[in-house]
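Some notes on the structure that comes next.
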Amino acid sequence: MTNTAKKPITKRFQVAALVGYFGLLILMPLWLFVLSPRDDYSFAFTFCLYIVPLLLPLKGIIQDKPYTYAWANFIVMIYFIHGLTLLWVSPDERLWVVLELIFASCMFIGCTYYARHRGQELGLKVGKLKDDLANEKAAQEYHRQHKDD
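Using this note's numbering, read the sequence shown as starting at 1 and increasing by one per residue.
Laid out in structure tokens, this is it:
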């Protein structure tokens, strides 16, 4: 990554994202395997369902890639939905559920705004769909016209 300095607001959002991410990474295995082990599911199933998704963005987060922070939001939605569901159906685990929701919310907000601010600082941008479609259409038209040449 380049040496473009991070603004204070960008750093704050990164801290929020990292607190949420590593909070979930510590909480989920601790909760599911130590504090309240699941008897109805195997260790492997629980590990694959709740821990492996959190490991997917680890490399990009360590390498400080804004794009990874952006797509990690798709993964954090698993934990947000899990937490909201358990909040409703499992009142005896409310403490762990609330922690999961806090970490998931922290990660979601932090990742969203960190990716946005850091992307702007680095000059990265996502093209507008209509511009992309117009460019693709122009390229196809160009290839059709020059196909016979």
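For every residue, glycine included, the Cβ atom is placed at its ideal position computed from N, Cα and C.
Residues of the same chain with a CB within less than 7 Å of the CB of Ile9, apart from the 5 flanking positions on each side, are His117 in chain order. By the Cβ neighbour-count rule, Ile75 is buried, with 16 or more other Cβ atoms within 10 Å of its own.
A direct Cα-to-Cα measurement between Asp40 and Leu86 gives close to 16 Å. Secondary structure note for Trp88: its alpha helix (DSSP H) is the uninterrupted segment 66-89. The three-state reading of DSSP puts Asp92 in helix, counting H, G and I together.
Contact between the region 97-113 and the region 24-36 is present: 3 or more CB-CB pairs across the two stretches fall below 8 Å. Ranked by Cα distance from Trp71, the first of Leu24, Thr4, Thr112 is Thr112. The shortest CA-to-CA distance from Ile78 to any of Gly60, Leu58, Pro66, Ala104 is the one to Ala104. Shown here, Gln63 sits in coil according to DSSP, grouped into three states, outside any helix or strand. Between Thr46 and Leu32, the CB-CB gap stays under 8 Å.
Taking C-beta separations shorter than 7 Å and ignoring five residues to either side along the sequence, the partners of Pro53 in its chain run Ile75, Ile78, following chain order.
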